[in-house]
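For reference, the structure discussed in these notes is given below.
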DNA sequence: CACTCGTGGGAAAGCGCTTTCCGGAAAGCG
DNA sequence: CGCTTTCCGGAAAGCGCTTTCCCACGAGTG
């Protein structure tokens, strides 16, 4: 047994060539695959990372997951998937499950919830995980302490505002998700602040809060139109919301960009294929996924700027850049 | 130890109320989470399923994964993710990895490769997995024996042909993926057969084979246009290819549907948002994911027709229905 | 009242590995 | 040539659980 183990895993000591080849041959012949659980038990660890997110079928998360999978695959790490479908309860449950699996690392992707009880429970679970030698990191914001990969949401929101102001827009609508989601808060906050900084009154921005989803975008746009739209530009807190908004606008007979300029946020792959190709804020989503996986796997980053407090949590910032397409033009007076 | 185990897991025997509450309380206080590996080792199994696919960020796989995750989550099954990025080698490696994890079930999503060596290796790996008591199933076709969830690809392809014929089209182009992918073969085969059945010559269909991806669709459409398009309708083997094709057509100045009608396959969520909203063949992708997960988890299906040979592998068929949108019209003579 | 029987707590074995520890053989040294 | 040291194969312990097996105890029975 001992010799076989050493022959298969290399490890601490030398095995004579003859014995090693015999062992390897026997293993191949028997199609032997070591029991990963027994190994994990004996080693007290395993290259496994748990990935927690809202929903893989959301293109935003899918792109991040793709990047994470690339790095995981390259380093032989096993990825366990947890879809929370936006339930804080499920999120905590998954951390606990991954803790039970003695996952080497846990990656929490997405926005986090602004709820004291949830935050406390999450902090506790992650704390135990860390005390047991586990790593964890957040992607795309979270209110908890820890390593994180962060898009420049506030900067991006502000850039959207400036881009629209430059085009000549002066009255804005915002299709926002719940402000309890930190991502949403930063994007919309950045936007509103930039508008005010330009000397416009707060009332120049009409914000409606709906679900942070395609349906939410649809509802927001429809309701804005029906209440009699005075804005000339609509900023959606995410591309997925913009997708829904675009559908609603089409149904309501509002032409984009003729009647209303439209911008999203994230630059998910389909935006450039829409009618019209839609302006947005580009984020290197796959790159964020890769960076996050590298962070928890403790392998060096390549070319990502790190903004770490000495000894404090590591933070990787990803720039958010406005991409103007055909959905935005100068406002035409109606 | 024994009593604690029984108190926590219920199981084989009764523990007095008083002792049970004491155990549970202690567990809560210590934030105890049982070591899943030790449990797996002692139980020789665990509710874990491995999900193998090309790439989660492809909307087709993302939608299937979403459905699978819903069911897994509802049944407390842990999902491990394997992205092959279309490498047969990686696919086999993942089966082996999941076998090492003693996964209860393995779900292989996607097309499979038409390669003898690969098929043999895959069959062997899955065979051992099954001999060890594991289950497996395929989603969306595969040439290997076993339970499967299958979309009606050939029927869908034929339906596309009939729909286009009915609109008056007589000359067709097909943007196909590699014919070694069974999914592609069935879709394109169904299409071609239906055209011939309508009494048209084989030469009425011009098929070009490119990568089964957005880039492949782009290349196919661009090359078709540049060689001087005589077709009035273009059928793409998948929506993702249609996305690329649409981009190429736009760049080449070919108007859809004015100069060319366009159809895809899969009905991924964005198709209805494109310019123009694009006709396709709708498949209940999330439903397929759910059905597949139910299949391997051995829980009853709801409302899915099963077409099982007695004792043979179980096959769940999913209908493919043509959805006509604005990208298809009657041909206008140029 | 002696005996059987059901009940439930705890000791111990075992799941399949890794790693320490032990010991015999070969090699090195004076 | 006798001793120590190095080398490497194999026995055994231990990872953290579940489950079987044993046993003490109290209740029921003739």
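Protein chains in written order, with the working numbering: chain L, 1 to 334; chain W, 1001 to 1334. Even glycine gets a Cβ: it sits at the ideal position worked out from N, Cα and C.
### Task
Taking a Cβ distance cut-off of 7 Å, strictly less, list which residues of the segment 151–164 of chain L are near chain W, in chain order.
none
### Query
Are the CB atoms of residue 143(L) and residue 317(L) nearer to each other than 8 Å?
Within the first chain, the letter at position 143 stands for residue 143(L). Within the first chain, the letter at position 317 stands for residue 317(L). No, they are not a contact pair.
### Task
From the DSSP output, in three-state form, read off residue 44(L) for me.
As a position in the first chain, residue 44(L) is number 44, starting the count at 1. Looking at residue 44(L) - three-state DSSP - the assignment turns out to be coil, as it is neither helix nor strand.
### Query
Is the shortest distance between the beta-carbon of residue 1055(W) and the beta-carbons of chain L less than 8 Å?
As a position in the second chain, residue 1055(W) is number 55, starting the count at 1. Judged by the 8 Å Cβ criterion, residue 1055(W) is in contact with chain L.
### Message
Measuring straight from C-alpha to C-alpha, what distance separates residue 119(L) and residue 88(L)?
### Response
The residue given as residue 119(L) occupies position 119 in the first chain. The residue given as residue 88(L) occupies position 88 in the first chain. Cα to Cα, the separation comes out at about 9 Å.
### Query
How would you list, in chain order, the residues of chain L whose beta-carbon sits under 9 Å from the beta-carbon of residue 1028(W)?
Counted from its first residue, the second chain places residue 1028(W) at position 28. Ordered by position in chain L, no residue passes the 9 Å Cβ test against residue 1028(W), which lies about 12 Å from the chain.
### Task
Give every residue of the same chain whose Cβ lies closer than 7 Å to the Cβ of residue 55(L), excluding the five residues on either side of it in the sequence, and list them in chain order.
In the first chain, counting from the first residue as 1, residue 55(L) sits at position 55. Result list for residue 55(L): 61, 83 and 85, in chain order.
### Query
Taking the beta strand (DSSP E) that residue 1082(W) falls in, what are its first and last residues?
As a working mapping, residue 1082(W) is identified with position 82 in the second chain. 1078–1083 is the span of the beta strand (DSSP E), which, as asked, contains residue 1082(W).
### Query
Rounded to the nearest angstrom, how far is the Cβ of residue 187(L) from that of residue 113(L), given a contact under 8 Å?
If you number the first chain from 1, residue 187(L) lands on position 187. If you number the first chain from 1, residue 113(L) lands on position 113. Their Cβ separation, rounded to whole angstroms, is 17 Å, which puts residue 187(L) and residue 113(L) out of contact at 8 Å.
### Query
Roughly how many angstroms lie between the CA atoms of residue 1110(W) and residue 1053(W), to the nearest whole one?
Position 110 of the second chain, counting from 1, holds the residue named residue 1110(W). Position 53 of the second chain, counting from 1, holds the residue named residue 1053(W). Rounded to the nearest angstrom, the two C-alpha atoms are 6 Å apart.
### Task
Using a threshold of 8 Å, state whether the C-beta atoms of residue 245(L) and residue 218(L) are closer than that.
Translated into positions along the first chain, residue 245(L) becomes position 245. Translated into positions along the first chain, residue 218(L) becomes position 218. It is a contact, given that the beta carbons lie within the stated cut-off.
### Query
Taking the runs of the beta strand (DSSP E) that are 3 residues or longer, which of them lie wholly in the segment 55–108 of chain L?
78–83
### Query
With distances taken from CA atoms, which of 124(L), 78(L), 137(L) and 49(L) is nearest residue 315(L)?
One-based indexing of the first chain puts residue 315(L) at position 315. Of 124(L), 78(L), 137(L) and 49(L), the residue nearest in Cα terms is 137(L).
### Message
Among 1108(W), 1235(W), 1324(W) and 1005(W), whose alpha-carbon lies nearest the alpha-carbon of residue 1148(W)?
### Response
Translated into the one-based positions of the second chain, residue 1148(W) becomes position 148. Residue 1148(W) has its Cα closest to that of 1108(W), out of 1108(W), 1235(W), 1324(W) and 1005(W).
### Query
Taking 8 Å as the CB-CB limit, is residue 1075(W) close to chain L?
Walking along the second chain from the start, residue 1075(W) turns up at place 75. It does not; no Cβ of chain L falls within 8 Å.
### Task
With 7 Å as the C-beta to C-beta threshold (strictly closer), list the residues of the segment 1029–1051 of chain W near chain L in chain order.
1031, 1033, 1034, 1035, 1036, 1037, 1038, 1040 and 1041
### Query
What residues from chain L crowd round residue 1069(W), counting only those whose CB sits closer than 9 Å?
The count along the second chain starts at 1 and reaches residue 1069(W) at position 69. Per Cβ cutoff of 9 Å: 55, 56, 57, 81, 82, 83 and 85.
### Query
Roughly how many angstroms separate the alpha carbons of residue 139(L) and residue 1205(W), rounded to a whole number?
Counting from 1 along the first chain, the entry for residue 139(L) is found at position 139. Counting from 1 along the second chain, the entry for residue 1205(W) is found at position 205. Cα to Cα, residue 139(L) sits roughly 48 Å from residue 1205(W).
### Query
When the Cα of residue 1233(W) is compared with those of 1066(W), 1036(W) and 1165(W), which residue comes out closest?
If you number the second chain from 1, residue 1233(W) lands on position 233. The candidate whose alpha carbon is nearest that of residue 1233(W) is 1165(W).
### Task
Find out if the Cβ-Cβ distance for the pair residue 1102(W), residue 9(L) is shorter than 8 Å.
In the second chain, the residue the question calls residue 1102(W) occupies position 102. In the first chain, the residue the question calls residue 9(L) occupies position 9. Taking 8 Å as the Cβ cut-off, residue 1102(W) and residue 9(L) do not qualify as a contacting pair.
### Query
Of all the alpha helix (DSSP H) runs that stay within the bounds of the segment 1184–1227 of chain W, which reach a length of 4 or more residues?
1214–1226
### Query
What are the partner residues of residue 1253(W), as DSSP defines its beta bridges?
Within the second chain, the letter at position 253 stands for residue 1253(W). Residue 1253(W) pairs with nothing; no bridge assigned.
### Message
For residue 1068(W) and residue 1293(W), what's the separation of their Cα atoms in angstroms?
### Response
In the second chain, the residue the question calls residue 1068(W) occupies position 68. In the second chain, the residue the question calls residue 1293(W) occupies position 293. Residue 1068(W) and residue 1293(W): Cα-Cα distance of roughly 5 Å.
### Query
Taking Cβ-Cβ distances shorter than 8 Å, what residues in chain W pair up with residue 96(L)?
The residue given as residue 96(L) occupies position 96 in the first chain. Neighbours of residue 96(L) on chain W, chain order: 1033.
### Query
Does any residue of chain L bring its CB to less than 8 Å from the CB of residue 1324(W)?
Counted from its first residue, the second chain places residue 1324(W) at position 324. So, not an interface residue.
### Task
Compute the distance between the beta-carbons of residue 105(L) and residue 297(L), then report whether it is under 8 Å.
Here the question's residue 105(L) lines up with position 105 in the first chain. Here the question's residue 297(L) lines up with position 297 in the first chain. A contact, by the Cβ cut-off of 8 Å.
### Query
Of the choices 225(L), 267(L) and 261(L), whose alpha-carbon is the least far from that of residue 253(L)?
Residue 253(L) sits at position 253 when you count from the first residue of the first chain. Considering only alpha carbons, the answer is 225(L).
### Query
Skipping 5 residues on each side, what residues in its chain have a beta carbon closer than 6 Å to that of residue 75(L)?
In the first chain, residue 75(L) corresponds to position 75, counting from 1. 297, listed in sequence order.
### Query
For residue 18(L), which of helix, strand or coil comes out of DSSP?
By one-based count along the first chain, residue 18(L) stands at place 18. Reduced to three states, the DSSP call for residue 18(L) is helix.
### Task
Using beta-carbon positions only, say whether residue 1132(W) and residue 1092(W) come within less than 8 Å of one another.
Along the second chain, one-based indexing puts residue 1132(W) at 132. Along the second chain, one-based indexing puts residue 1092(W) at 92. For residue 1132(W) and residue 1092(W), no; Cβs fall outside 8 Å.
### Minimum Cβ-Cβ distance from residue 101(L) to chain W less than 8 Å
On the first chain, position 101 is the one that residue 101(L) refers to. With 8 Å as the cut-off, residue 101(L) counts as an interface residue toward chain W.
### Task
Could you list the residues in the segment 256–283 of chain L with a C-beta less than 7 Å from some C-beta on chain W, going in chain order?
270, 273, 274, 275 and 276
### Query
For residue 327(L) versus residue 269(L), is the C-beta distance shorter than 8 Å?
Start at 1 with the first residue of the first chain, and residue 327(L) comes out as number 327. Start at 1 with the first residue of the first chain, and residue 269(L) comes out as number 269. For residue 327(L) and residue 269(L), no; Cβs fall outside 8 Å.
### Query
From the beta carbon of residue 1092(W), is the nearest beta carbon of chain L less than 8 Å away?
Mapped onto the second chain, residue 1092(W) falls at position 92. False, the Cβ-Cβ gap to chain L never drops below 8 Å.
### Task
Give every residue of the same chain whose Cβ lies closer than 7 Å to the Cβ of residue 1170(W), excluding the five residues on either side of it in the sequence, and list them in chain order.
Working through the second chain from its first residue, we reach residue 1170(W) at position 170. These residues qualify, in order along the chain: 1200 and 1204.
### Task
Please confirm if residue 292(L) has its CB atom under 8 Å from at least one CB of chain W.
Working through the first chain from its first residue, we reach residue 292(L) at position 292. No, residue 292(L) does not count as interfacial toward chain W.
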